[in-house]
Amino acid sequence: MTRATRGSLSALPCLLLVAALLVGAPLDAQITEIVDISPDNSDHDPIDPDGATGGRVTGIVVDPTDGSVLYAASEWGGIYKTVDAGLTWQKLDGHRPTATWDVAIDPSNTDRVYATSFYDGRETSQSQSGINVSTDGGATWTHPASANPPGGLCINPADETERTAFGISIDPTNNANVYVGTSCGLAFSTDSGATWSYEAPPAGGDRMWDVMVSADGSFVDTCGDSGHWVMDTTTMDWSQSPTQQLPSGRCSLAASPYDQGNRFAVVSTTIYEANSAGEWTETRDNPTPQGRIPFVATNPRSTAPAGDIFDLWFGDVSLFQVACDRTNTPSCGTGNSPPWNGPYTRDVGGHDDMGDIAFDPLAGNDACPILMSSDGGVYWNTETTSPDCHSPEWEQPDVTPHGLWPFGMGGSDRPGAVAEDLYFGNQDNGIFGTLDAGAAKPDWDNEICCDGFDAGADDFDDGTVLYSVCCFGGGKPTRYFLTGPKFAGGGEINYPPGLQPSFKFPDSYFNFEDQKWVLITRGASGGVFVTHNIDEQPIEWIELGAATKPPT
Numbered sequence: 003m004t005r006a007t008r009g010s011l012s013a014l015p016c017l018l019l020v021a022a023l024l025v026g027a028p029l030d031a032q033i034t035e036i037v038d039i040s041p042d043n044s045d046h047d048p049i050d051p052d053g054a055t056g057g058r059v060t061g062i063v064v065d066p067t068d069g070s071v072l073y074a075a076s077e078w079g080g081i082y083k084t085v086d087a088g089l090t091w092q093k094l095d096g097h098r099p100t101a102t103w104d105v106a107i108d109p110s111n112t113d114r115v116y117a118t119s120f121y122d123g124r125e126t127s128q129s130q131s132g133i134n135v136s137t138d139g140g141a142t143w144t145h146p147a148s149a150n151p152p153g154g155l156c157i158n159p160a161d162e163t164e165r166t167a168f169g170i171s172i173d174p175t176n177n178a179n180v181y182v183g184t185s186c187g188l189a190f191s192t193d194s195g196a197t198w199s200y201e202a203p204p205a206g207g208d209r210m211w212d213v214m215v216s217a218d219g220s221f222v223d224t225c226g227d228s229g230h231w232v233m234d235t236t237t238m239d240w241s242q243s244p245t246q247q248l249p250s251g252r253c254s255l256a257a258s259p260y261d262q263g264n265r266f267a268v269v270s271t272t273i274y275e276a277n278s279a280g281e282w283t284e285t286r287d288n289p290t291p292q293g294r295i296p297f298v299a300t301n302p303r304s305t306a307p308a309g310d311i312f313d314l315w316f317g318d319v320s321l322f323q324v325a326c327d328r329t330n331t332p333s334c335g336t337g338n339s340p341p342w343n344g345p346y347t348r349d350v351g352g353h354d355d356m357g358d359i360a361f362d363p364l365a366g367n368d369a370c371p372i373l374m375s376s377d378g379g380v381y382w383n384t385e386t387t388s389p390d391c392h393s394p395e396w397e398q399p400d401v402t403p404h405g406l407w408p409f410g411m412g413g414s415d416r417p418g419a420v421a422e423d424l425y426f427g428n429q430d431n432g433i434f435g436t437l438d439a440g441a442a443k444p445d446w447d448n449e450i451c452c453d454g455f456d457a458g459a460d461d462f463d464d465g466t467v468l469y470s471v472c473c474f475g476g477g478k479p480t481r482y483f484l485t486g487p488k489f490a491g492g493g494e495i496n497y498p499p500g501l502q503p504s505f506k507f508p509d510s511y512f513n514f515e516d517q518k519w520v521l522i523t524r525g526a527s528g529g530v531f532v533t534h535n536i537d538e539q540p541i542e543w544i545e546l547g548a549a550t551k552p553p554t
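The following block contains the structure:
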């Protein structure tokens, strides 16, 4: 990294990339090679699994014929695949959109895979976001033109060009019928994804965050920004319960494995259960509410009476499970009765802030949860037999998905092509650093967990590292640390006077001379601060332009 490129790079959207630069050449001639050098796993995981390397994974699916094959939809890194039950993951480069949401496998042809994604930033004629289909196990993908919403359907006109899709559900009675929630209502295909049509409820083409086909294929549940709607798959007519309804918002759906009328939902942070009449009521308490992207899932059990008992799994900050009986009303109890089992994340080797869960597809009743996803990527269950597997113990993969969301990056130039200092902070995966960024496989140190905002090194002195992290310990939402190269020694430093640190990234650092740094931070008390001696105790921070700074 040359001094011409030192400093902070903020809000990188997906893989950590390093470009070989030819200084002084035109921009299009500078980049001669791009190499993925992301960390494969976290050395902080044995201390705290909330230090991680995978980045958020929102959806996972297991091959119904082979439990060793799974796909993962990452928030910022695209689609990934494993063929060894989650130990190693490979990015499917043929899927171009990187902000992905869900992934599903056709049970009748497991080479056929569906994936959904958010708007990819390309011009309308070039955009491939929304719905994509693979017929070769994820190697190549197509975006059918009919998967784009028709003109005039979308409540938000921008969604006609900025195409986005969410939950996927495949008809278990006819796998050629596929349903997808989109930002413009319900998309469906009757020919295994070759062509698509759209239907919208009377409320209009609004965001449908999740969809679920009934066990007999006769109706589709949808939930989203216009609430809960049910579509009859024969007549294409829409209906709602005339009494108790689900609220609108980001949501997840699941059904009892024994009774298609017994349905579950989470909207924001609240858990609901519906009876056969479609009336929704709040049921169980959310033990750790946050509402990032919670989910519900069900799993049949062989506990007597046979055909009645199943597990409800729920994930928000952490992962919980409770036994349910379909003959009861409500089937899974109310409040915290019976108590949740769990939590099953940080205390048992998994990263917090849940995404999804997958079960052994070949087991039938009592199927073990084999994989879960969260803000830390994916984790596999070391307990592989029932009943122990229903109290999972999680472990990170040998090679995680490389779906990190870096917030900021900095480094220090040293002689030679290999010995380069590089540091970066990530959403919820912590701070990473290496002293050999030029190597094919750098030796990364994941210093600390959680949200790492920015990290930089003193390029004029000895590689001193300055970084900021959020949301752990000490009662402070953001903390600043000063260490030696690759986090050796050092410790926490003082804030600028009057600054009230909060979760408002980016906090940006820039080293402009030996021991001299600029700090930029947001918020009512934020601004631009300079120190001329980072080694002072306490550090003297001087605010620039305090009287004329922008109001926010």
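Each residue of the sequence shown is one higher than the one before, counting from 3 in my numbering. Ideal Cβ placement from N, Cα and C applies to all residues, glycine included. These figures come from a predicted structure and were not determined experimentally.
Check	Outcome
Contact check, ALA205 vs ASP193, beta carbons under 7 Å	no
Coil, strand or helix - GLY26 by DSSP	Note that GLY26 has pLDDT 46, beneath the 50 cutoff, so the model's placement of it is unreliable and no number is given.
As assigned by DSSP and simplified to three states, the class of ALA74	strand
Where GLU281 falls, given that 16 or more other Cβ within 10 Å makes a residue buried	exposed
Inter-residue Cα distance where the pair is ALA365 and ASN277	28 Å
Cutoff 6 Å; reference TRP543; Cβ partners in own chain excluding five residues on either side	PRO498, PHE531 and THR533
Those residues which DSSP pairs with ALA256 across a bridge	PHE266
Nearest-angstrom Cα separation, counted from ASN496 out to PRO540	6 Å
7 Å Cβ cutoff met for ALA325 and TRP315	no
Runs of alpha helix (DSSP H) wholly within the stretch 78 to 144 (minimum 4 residues, chain order)	none
Coarse secondary structure for ILE433, derived from DSSP in three states	strand
Span of the beta strand (DSSP E), counted from its first residue to its last, around TYR274	272 to 276
8 Å contact criterion, which GLU162 and GLY153 should meet: CB distance rounded	6 Å
With 16 other Cβ atoms within 10 Å as the buried cut-off, status of ASN535	exposed
Proximity winner among ASP108, GLU395, ILE33 and GLY132, relative to GLY123 (alpha-carbon distances)	GLY132
Assumed close pair LEU406, SER44 - CB separation to whole angstroms, cut-off 8 Å	Not quite, the Cβ-Cβ distance comes to about 11 Å (not below 8 Å), so this is no contact.
Runs of beta strand (DSSP E) wholly within the stretch 303 to 365 (minimum 3 residues, chain order)	311 to 317, 321 to 327 and 356 to 361
Rounded distance between the beta-carbons of ASP362 and CYS370, thought under 8 Å	5 Å
GLY413, buried or exposed, once every other Cβ within 10 Å from all chains shown has been counted against 16	buried
Start-to-end residues for the beta strand (DSSP E) that takes in PHE462	First-last for PHE462: undefined, no H or E at that position.
Beta-carbon proximity of VAL401 to TRP91, cut-off 7 Å	yes
Helix, strand or coil at HIS392 [DSSP, three-state]	helix
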